[in-house]
Amino acid sequence: MSQLSQLKSQVAALGRDASATATSLAGYKAKFSESVGQVTATVGGSAQHVDQDMIATLKAAEQRVDDAIVALQQAAKAANSYASSL
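Here our numbering is used: the first residue of the sequence shown is 2, the next is one more, and so on.
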(Lines of atoms letter the chains of each structure in order from A; the text may use other names.)
(Lines give C-alpha, C1' and ligand atoms only; values in the text may rest on other atoms or scores of the structure.)
Protein backbone atom coordinates (compact mmCIF):
# COMPACT_ATOMS: atom_id res chain seq x y z
CA MET A 2 0.00 0.00 0.00
CA SER A 3 1.39 3.40 -0.91
CA GLN A 4 1.98 5.98 1.76
CA LEU A 5 -0.83 8.11 0.35
CA SER A 6 -3.28 5.21 0.48
CA GLN A 7 -2.15 4.40 3.99
CA LEU A 8 -2.61 8.02 5.08
CA LYS A 9 -6.06 8.14 3.51
CA SER A 10 -7.03 4.95 5.32
CA GLN A 11 -5.71 6.19 8.66
CA VAL A 12 -7.43 9.57 8.37
CA ALA A 13 -10.71 7.95 7.33
CA ALA A 14 -10.48 5.58 10.32
CA LEU A 15 -9.82 8.55 12.58
CA GLY A 16 -12.94 10.25 11.22
CA ARG A 17 -15.04 7.14 11.83
CA ASP A 18 -13.68 6.76 15.35
CA ALA A 19 -14.32 10.42 16.18
CA SER A 20 -17.88 10.16 14.87
CA ALA A 21 -18.56 6.96 16.81
CA THR A 22 -17.13 8.47 19.98
CA ALA A 23 -19.27 11.59 19.57
CA THR A 24 -22.36 9.42 19.16
CA SER A 25 -21.48 7.37 22.23
CA LEU A 26 -20.74 10.49 24.24
CA ALA A 27 -24.08 11.99 23.22
CA GLY A 28 -25.81 8.93 24.67
CA TYR A 29 -23.87 9.31 27.91
CA LYS A 30 -24.65 13.04 27.96
CA ALA A 31 -28.38 12.35 27.88
CA LYS A 32 -28.10 10.14 30.97
CA PHE A 33 -25.75 12.59 32.67
CA SER A 34 -28.10 15.51 32.00
CA GLU A 35 -31.01 13.58 33.46
CA SER A 36 -28.98 12.88 36.60
CA VAL A 37 -27.89 16.51 36.87
CA GLY A 38 -31.52 17.57 36.58
CA GLN A 39 -32.57 15.18 39.32
CA VAL A 40 -29.80 16.30 41.65
CA THR A 41 -30.57 19.94 40.93
CA ALA A 42 -34.26 19.41 41.67
CA THR A 43 -33.44 17.63 44.90
CA VAL A 44 -30.87 20.04 46.35
CA GLY A 45 -31.49 23.11 44.21
CA GLY A 46 -33.43 24.94 46.89
CA SER A 47 -30.78 24.37 49.52
CA ALA A 48 -29.12 27.43 50.94
CA GLN A 49 -25.91 25.52 51.59
CA HIS A 50 -23.00 26.84 49.60
CA VAL A 51 -21.55 23.38 49.06
CA ASP A 52 -24.76 22.23 47.35
CA GLN A 53 -24.72 25.18 44.97
CA ASP A 54 -21.03 24.57 44.21
CA MET A 55 -21.76 20.93 43.39
CA ILE A 56 -24.62 21.89 41.06
CA ALA A 57 -22.43 24.48 39.33
CA THR A 58 -19.68 21.89 38.90
CA LEU A 59 -22.10 19.34 37.45
CA LYS A 60 -23.54 21.90 35.03
CA ALA A 61 -20.03 22.94 33.96
CA ALA A 62 -19.18 19.29 33.33
CA GLU A 63 -22.37 18.92 31.31
CA GLN A 64 -21.33 21.87 29.13
CA ARG A 65 -17.88 20.38 28.64
CA VAL A 66 -19.42 17.12 27.49
CA ASP A 67 -21.43 19.12 24.94
CA ASP A 68 -18.24 20.88 23.86
CA ALA A 69 -16.45 17.53 23.46
CA ILE A 70 -19.29 16.19 21.30
CA VAL A 71 -19.11 19.22 19.02
CA ALA A 72 -15.30 19.02 18.83
CA LEU A 73 -15.42 15.32 17.92
CA GLN A 74 -18.07 15.96 15.26
CA GLN A 75 -15.93 18.74 13.78
CA ALA A 76 -12.85 16.50 13.86
CA ALA A 77 -14.77 13.73 12.10
CA LYS A 78 -15.98 16.13 9.44
CA ALA A 79 -12.48 17.53 8.88
CA ALA A 80 -10.92 14.06 8.74
CA ASN A 81 -13.53 12.78 6.31
CA SER A 82 -13.14 15.84 4.10
CA TYR A 83 -9.36 15.49 4.11
CA ALA A 84 -9.47 11.76 3.41
CA SER A 85 -11.82 12.39 0.49
CA SER A 86 -9.44 14.95 -0.96
CA LEU A 87 -6.52 12.51 -1.03
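We put the CB at the ideal spot given by N, CA and C, even for glycine.
Could you tell me the boundaries of the alpha helix (DSSP H) in which residue i lies?
i	result
Gly28	Gln4 to Val44
Leu87	Element bounds for Leu87: n/a, residue is neither H nor E.
Once the 5 residues before and after residue i are set aside, which same chain residues still bring their CB inside 6 Å of it?
i	result
Ser20	Ala77
Leu15	Ala80
Leu59	Val37
Ala13	Ala84
Please list, in chain order, all residues of the same chain as residue i whose beta carbon is under 7 Å from its beta carbon, the five residues on each side excluded.
i	result
Ala23	Ile70, Leu73, Gln74 and Ala77
Give the straight-line distance between the Cα atoms of residue i and residue j, rounded to the nearest whole angstrom.
i	j	result
Tyr1	Ser3	In the structure as shown, the chain begins at 2 and stops at 87. Residue 1 is therefore absent and cannot be evaluated.
Gln39	Tyr29	16 Å
Ser10	Ser47	54 Å
Ala42	His50	16 Å
Would a C-beta distance cut-off of 8 Å place residue i and residue j closer than the cut-off?
i	j	result
Val66	Leu8	no
Glu63	Ser34	yes
Val44	Asp54	no
Taking only heavy atoms of the ligand HEM into account, decide whether any of them is closer than 7 Å to the Cβ of residue i.
i	result
Ala61	The ligand HEM is not part of the structure shown, which contains no ligands of any sort.
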